[in-house]
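Note sheet for the following structure.
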Amino acid sequence: MALLRNYGLTFGILKKVNPNNWVYQQRTQRYSDAPVKYSVSKAAEWKAEFTRRGMPEDESPWFQPYVVIGSIAIFLLYFCVLREENDLDELLGTSLYDRIEGLEQSQLRTSLKYYEESGKDVSKIKERLQELEGEDK
Numbered sequence: 002m003a004l005l006r007n008y009g010l011t012f013g014i015l016k017k018v019n020p021n022n023w024v025y026q027q028r029t030q031r032y033s034d035a036p037v038k039y040s041v042s043k044a045a046e047w048k049a050e051f052t053r054r055g056m057p058e059d060e061s062p063w064f065q066p067y068v069v070i071g072s073i074a075i076f077l078l079y080f081c082v083l084r085e086e087n088d089l090d091e092l093l094g095t096s097l098y099d100r101i102e103g104l105e106q107s108q109l110r111t112s113l114k115y116y117e118e119s120g121k122d123v124s125k126i127k128e129r130l131q132e133l134e135g136e137d138k
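The sequence shown maps to residues 2 to 138 in the numbering used here.
Following this line, the structure appears as structure tokens:
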């Protein structure tokens, strides 16, 4: 069995290399150096718009825009009108300063330092810092 497999591989290699082989002759005739007439080639039928848009048979169905618009409308109707709020919606509705403890104080201290170096008015920043420190006590 192994001998037959080896013989088959050898025969296949010889068949591909043999210039008298019919397959070899067909390949060389197909890819010859003779010029190809443009008018009878497939390139003559190709339009530039096919490159940009695709072939005409690849067009989308006539009802596709209506389906897309309807789907988006139903999604927005559900998401904006019919859906009930949950705890995540309420959490997202709160201020970031309420969710992260100490964030507003650190922001105000950074702003205070920047405005003092720039020579700008810092009275409102100092007032808000005092309010926050009074709430903490």
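A virtual CB, placed ideally from N, CA and C, is assigned to each residue, including glycine.
Close CB contacts of Glu117 within its chain, under the 7 Å cut and outside five residues either way in sequence, are with Val123 (chain order). With fewer than 16 other Cβ atoms inside 10 Å of its own Cβ, Ile73 counts as exposed. Leu93 has its alpha-carbon roughly 12 Å from the corresponding atom of Ile101. Ile75 sits in a helix when the DSSP states are folded into three classes. In the three-state reduction of the DSSP assignment, Asp88 falls in the helix class. Lys127 sits close to Leu113, with the two beta carbons spaced by under 8 Å.
Within its own chain, no residue has a Cβ closer than 7 Å to the Cβ of Lys43 once the five positions on either side in sequence are excluded.
CA-CA distance, Tyr98 to Leu109, rounds to 11 Å.
Annotated three-state conformation of Lys38 is coil, per DSSP. In the three-state reduction of the DSSP assignment, Lys121 falls in the coil class.
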